[in-house]
Amino acid sequence: MVMLDNLQLLFVWAPIINVQVILEGIFVGAVFALSAYGLALVWGVMNIKNLAQGDFVIMGGYLALALSSANVPLPLILIIVIVFMFVYGWGIYALMIRRILDQDMFVSLLATFGLSLLMQQVMNLVFGPEVQTIDMELPNWDFFDNMVTIPSSKVISLGLAAVIALAVVIFMKKSRAGQAIRATAQDPRAARVLGIDTDKVYAFTFALNSALCGAAGVLVSIIWVIQPFYGITYSVRSFAIVTAAGLGNLPGVITAAFGIGLFEKYVGMIIGTAYEVAAPVSILLMVLIWRQISMKRNRQVVR
Amino acid sequence: MSDIITVDNVSKAYGGVKANVDISISVKEGSITGIIGPNGCGKTTLFNSIVGYHPIDSGSIKFDGQEISNLVVGDIARLGMLRTFQQTRIYSKMDCVDNMQISVSHRKGSRSGLFASRRGEIRERAEHLLEFVGLYSKRNLISGDLSFGQQKLLEFAMALMNQPKVLLLDEPTAGINPTLINGLIDRLHKANQELGITLCVIEHNMRVIMNLAEHIYCLSNGKMLADGKPEELQSDQRVIDAYLGGH
Amino acid sequence: MIKKNTLITYGGLALFGVFGPILFPDYTLSIAYLWMMVLMASTWDILGGQMGYNSLGNITFFGAGMYISAIVQVTMFYDGGMAEYTSAMGSIKPEFTDSEYFSGLYLGIICAGIGALLLSLIFSTFMFGLRGPYFAIGSLGLAIAAAELTITMDYVGGASGISMPLFPGEIEFRSTFFYILCFILAALAHFLLRWLYSTQFGLAINAIRDDEDKAEAMGIPTLVYKQIGWGIAAFFMGCIGAIAGNMAGFIDKEVAYPIPTFGIFMVAMVLLGGKGTLWGPVIGAIIFHVIKETTWTYLLNLQWVALGLILIINIVYFQQGLMGWLQTKYPEMFGIVVDESQKTSKSEAK
Chain A
763 MVMLDNLQLL
773 FVWAPIINVQ
783 VILEGIFVGA
793 VFALSAYGLA
803 LVWGVMNIKN
813 LAQGDFVIMG
823 GYLALALSSA
833 NVPLPLILII
843 VIVFMFVYGW
853 GIYALMIRRI
863 LDQDMFVSLL
873 ATFGLSLLMQ
883 QVMNLVFGPE
893 VQTIDMELPN
903 WDFFDNMVTI
913 PSSKVISLGL
923 AAVIALAVVI
933 FMKKSRAGQA
943 IRATAQDPRA
953 ARVLGIDTDK
963 VYAFTFALNS
973 ALCGAAGVLV
983 SIIWVIQPFY
993 GITYSVRSFA
1003 IVTAAGLGNL
1013 PGVITAAFGI
1023 GLFEKYVGMI
1033 IGTAYEVAAP
1043 VSILLMVLIW
1053 RQISMKRNRQ
1063 VVR
Chain B
-12 MSDIITVDNV
-2 SKAYGGVKAN
8 VDISISVKEG
18 SITGIIGPNG
28 CGKTTLFNSI
38 VGYHPIDSGS
48 IKFDGQEISN
58 LVVGDIARLG
68 MLRTFQQTRI
78 YSKMDCVDNM
88 QISVSHRKGS
98 RSGLFASRRG
108 EIRERAEHLL
118 EFVGLYSKRN
128 LISGDLSFGQ
138 QKLLEFAMAL
148 MNQPKVLLLD
158 EPTAGINPTL
168 INGLIDRLHK
178 ANQELGITLC
188 VIEHNMRVIM
198 NLAEHIYCLS
208 NGKMLADGKP
218 EELQSDQRVI
228 DAYLGGH
Chain C
60 MIKKNTLITY
70 GGLALFGVFG
80 PILFPDYTLS
90 IAYLWMMVLM
100 ASTWDILGGQ
110 MGYNSLGNIT
120 FFGAGMYISA
130 IVQVTMFYDG
140 GMAEYTSAMG
150 SIKPEFTDSE
160 YFSGLYLGII
170 CAGIGALLLS
180 LIFSTFMFGL
190 RGPYFAIGSL
200 GLAIAAAELT
210 ITMDYVGGAS
220 GISMPLFPGE
230 IEFRSTFFYI
240 LCFILAALAH
250 FLLRWLYSTQ
260 FGLAINAIRD
270 DEDKAEAMGI
280 PTLVYKQIGW
290 GIAAFFMGCI
300 GAIAGNMAGF
310 IDKEVAYPIP
320 TFGIFMVAMV
330 LLGGKGTLWG
340 PVIGAIIFHV
350 IKETTWTYLL
360 NLQWVALGLI
370 LIINIVYFQQ
380 GLMGWLQTKY
390 PEMFGIVVDE
400 SQKTSKSEAK
């Protein structure tokens, strides 16, 4: 059976391949972490569960694609996409999100799902349904007798992800805006009493999330492939990560993100790439089941 | 009269806060028992522990001889123990009669009611009980539109509809117009004597609880302070101190 | 109560249902899909509107039913077995006699319904400890997982799909036949739900929606009601899935699990018409279907964009749907009693 062969390949004949799989997992995991953190941010601050999260990522990817075909250098692409997605996020907030803030939680889910569908279809119309990627034409680095191949573009992506993550964390901790966001997340009424314009805070948070997703999308387009309907898988991953790690738990989010990345790559390696979409979904279901069991012990349910 | 509820050395802490420390109470079947104590002394926590809202850290809780400290809320309710809520919870989008009808007992014997029609005997009993609490004229209104006091009465009627063995009431007179309190006390007595329901009541209103309960437990700072008949507690210095801010 | 109006409505719908395809034979299939939408919306509302458990994955049962029926229909009378049939990728065209075809079809539909029902019971064991968004996302995950797993199973054709057995008869008969099936199934579901909502069951699921913790605290066995509700939805979704598969003539992952389209449309339709009411899903389905058909003619590829926009606008600006809006404006029409002395506050009834 193919699966058995692959298992043996990994653990008996050529264990060095594990390095490749692990690195692949880390590369994608870093991108997942960005998107998951954004989701947790919006969820924690505004109680909006953004089912369009993945589509924001893909949108960032397509923007990068378009800019890249105009020969814009990578750092500039990143900046342009971040700014564009920030404005886009703010616009979506003003048009849509602002009105569903006080509604029951399913409304936010369904509204963002509608947004997700809309974005998917528009991207499909504009960019076509084929899978695309950006070829950076950067060198590959080979190790261990060509058993392990690391495209330098992926390392760059990892580095950029780390920089972005660090920037966001520092921003949240040190800047006035970051503090305002955290205050509003804890107690919106108190924040308002203290003079914080919660509406602006919400808009900013949503826009920040959009920008984060956009950045993640740029990275995805470099290290992987994008397609108009791939967004849902990213959304599923982000939800699984946030559910597993909990809302305020940044280290948890990062760990869970890497975990999912590794899991997916191993599953792809052992069972076959046909299962690569099923993998994040099955993780989501497993996380939900695990949460249920642990809450049941506390005589509670998962809300 | 046997003990229908036995709480034995139950402790519950939230994080660092010790809400209940080694609490033991026993409620005699068919009686009216009161639980009093200054704000924050752990009364509602005790209720929550008994009805299954959270696990307890140590101790045992028996209902009718059966250990229930590891059962969930639904199971305990189906055994015949109900509680009312301090903030009064009802089904706010349904009208009063519907609220009542769905409150019938769902214990093992009465499962056949799953697909019962809504027009029959259940509805009659619902309307009868609504009349008992004085809400008959409001029976077709959406329950969410009632005033707070009326909602409290509805919640009480719903509990009666369920024909429980024991009813735990969390501050049943809070927020009720003082002129209506006597009527409520009357109904509580009637529910106890005519319907045979054991009552366990958390109360802040001293006049009410002293008139209502046969046996009273006083908590303070999470611990059991004193217990006994109303007259005994009224003159107990420790109880007086607890309420007046002593330690 | 609206007794007379009800009779008129049913009469009108019955007339339309019976004479529609006779008067407009070109639209037979389109109206058949209308009844399919009505069924999908109505069954979604059991959990979504009446019980407050918004499932984004009811389409799972649709697809499962479709595949189950295909398996039954092929293996009943084709001796070679399912695996051989699917690996031939449509080149094997078995000759079924009329009675073989129809008995296979009917059996397939029933097995689809029962199979989907059983699946829902299995899912219930790990899905109903989840509330709110977790249930919604979890159910979406179920649908995606089902879709992805089906591609990997060669027994059901993997990524290449399954060609359904050929319908014995000409096109007009075929359209009419499937039309009748859809209409009957939709009507059955509607009347079953109508009865169900008039019993204690209806009250129970509404109680779960209004305050599940309170329901639990009052001893209502919520899990039983959830299982029954989802089971009914699953059964009908399975049956209609089987029928849809045969109507399409060819099934694969996209036909069976149209998650971003019909999977969500059923929710959109209910929202449009009004959650938690008997007629809301029906009206919503009709309106939605009409909009969909007309936008297809005029907007072609932009259709999906338009439908997505409608969904968003509906949710953001018009949440209570048509029935909900009517109920607030004319509560007496629906038997909702308004307290005269507090009329102003009542008109904001939820």
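Chains as they are written, first to last, in this note's numbering: chain A, 763 to 1065; chain B, -12 to 234; chain C, 60 to 409. By construction, the Cβ of each residue, glycine as well, lies at the ideal position given by its N, Cα and C atoms.
For residue i, the first and last residue of its enclosing alpha helix (DSSP H)
i: F78 (chain C); result: K62 to L82
i: L900 (chain A); result: Per DSSP, L900 (chain A) belongs to no alpha helix (DSSP H) and is neither H nor E.
i: C83 (chain B); result: C83 to Q88
i: R110 (chain B); result: E108 to V120
i: I810 (chain A); result: Element bounds for I810 (chain A): n/a, residue is neither H nor E.
i: M99 (chain C); result: T87 to D104
Supposed close pair residue i, residue j - CB separation, criterion 8 Å
i: I1003 (chain A); j: I984 (chain A); result: That belief does not hold up - the Cβ atoms of I1003 (chain A) and I984 (chain A) are roughly 21 Å apart, past 8 Å.
i: M382 (chain C); j: G333 (chain C); result: 3 Å
i: G46 (chain B); j: V59 (chain B); result: Wrong, their Cβ atoms sit about 18 Å apart, outside the cutoff.
i: A147 (chain C); j: A293 (chain C); result: Rounded, the Cβ-Cβ distance is 31 Å, inconsistent with contact.
i: R65 (chain B); j: R94 (chain B); result: 5 Å
i: K(-2) (chain B); j: V8 (chain B); result: Residue identity differs from the one stated: residue -2 (chain B) is Ser in this sequence, not Lys. About 5 Å separates the two Cβ atoms, so the contact holds.
i: D(-10) (chain B); j: S13 (chain B); result: 4 Å
C-alpha distance - residue i paired with residue j, whole-angstrom precision
i: A953 (chain A); j: G1010 (chain A); result: 18 Å
i: D228 (chain B); j: L156 (chain B); result: 25 Å
i: V1049 (chain A); j: A1006 (chain A); result: 6 Å
i: M141 (chain C); j: L282 (chain C); result: 37 Å
i: E218 (chain B); j: S114 (chain C); result: 57 Å
i: Q109 (chain C); j: L140 (chain B); result: 26 Å
i: T235 (chain C); j: Y69 (chain C); result: 21 Å
i: V(-6) (chain B); j: K216 (chain B); result: 19 Å
i: F347 (chain C); j: M881 (chain A); result: 20 Å
i: Y850 (chain A); j: G367 (chain C); result: 18 Å
i: K273 (chain C); j: G139 (chain C); result: 56 Å
i: L863 (chain A); j: V869 (chain A); result: 9 Å
i: T946 (chain A); j: V1015 (chain A); result: 21 Å
i: L171 (chain B); j: R112 (chain B); result: 20 Å
i: V888 (chain A); j: G111 (chain C); result: 37 Å
Local Cβ density within 10 Å of residue i, reported as buried at 16 or more and exposed below that
i: Y193 (chain C); result: buried
i: Y92 (chain C); result: buried
i: W805 (chain A); result: buried
i: D82 (chain B); result: buried
i: E313 (chain C); result: exposed
i: Y126 (chain C); result: buried
i: N86 (chain B); result: buried
i: W903 (chain A); result: exposed
i: N360 (chain C); result: exposed
i: F789 (chain A); result: buried
i: G52 (chain B); result: exposed
i: L838 (chain A); result: exposed
i: K63 (chain C); result: exposed
Enclosing beta strand (DSSP E) for residue i [first to last residue]
i: A6 (chain B); result: V4 to K15
i: T145 (chain C); result: No beta strand (DSSP E) contains T145 (chain C), which is instead part of the alpha helix (DSSP H) from M141 to S146.
i: Y204 (chain B); result: H202 to S207
i: I189 (chain B); result: T185 to I189
i: K285 (chain C); result: From DSSP, K285 (chain C) is part of no beta strand (DSSP E) but of the alpha helix (DSSP H) over T281 to A307.
i: A213 (chain B); result: K210 to G215
Going along the chain, which residues of the segment 369 to 393 of chain C sit with their C-beta nearer than 9 Å to a C-beta in chain A? I369, L370, I371, I372, N373, I374, V375, Y376 and Q378
Against chain B: residues of the segment 264 to 280 of chain C by CB proximity under 7 Å: Within the segment 264 to 280 of chain C, the residues whose Cβ lies closer than 7 Å to some Cβ of chain B are N265, A266, D269, D270, K273, E275, A276, M277, G278, I279 and P280, listed in chain order.
Could you please tell me which residues of the segment 939 to 960 of chain A, in chain order, have their CB closer than 9 Å to any CB of chain C? none
Residues of the segment 206 to 221 of chain C with a CB closer than 8 Å to any CB of chain B: list them in chain order, please. none
Given a limit of 8 Å on CB to CB distance, which residues of the segment 329 to 355 of chain C reach chain A? Here the close residues are L330.
Using a Cβ-Cβ cutoff of 8 Å, what residues of the segment 177 to 197 of chain C are near chain B? List them in chain order. none
Give, in chain order, every residue of the segment 1009 to 1036 of chain A whose Cβ lies closer than 7 Å to some Cβ of chain C. A1036
Going along the chain, which residues of the segment 866 to 888 of chain A sit with their C-beta nearer than 7 Å to a C-beta in chain C? M867, F868, V869, L871, L872, A873, F875, G876, L877, L879, L880, Q882, Q883, V884 and L887
Determine which residues of the segment 243 to 265 of chain C have a Cβ less than 7 Å from any Cβ of chain B, and write them out in chain order. S257, T258, Q259, F260, L262, A263 and N265
Near-chain C residues of the segment 73 to 85 of chain B (beta-carbon distance less than 9 Å), N- to C-terminal order: R76, I77, Y78, S79, K80, M81, D82 and D85
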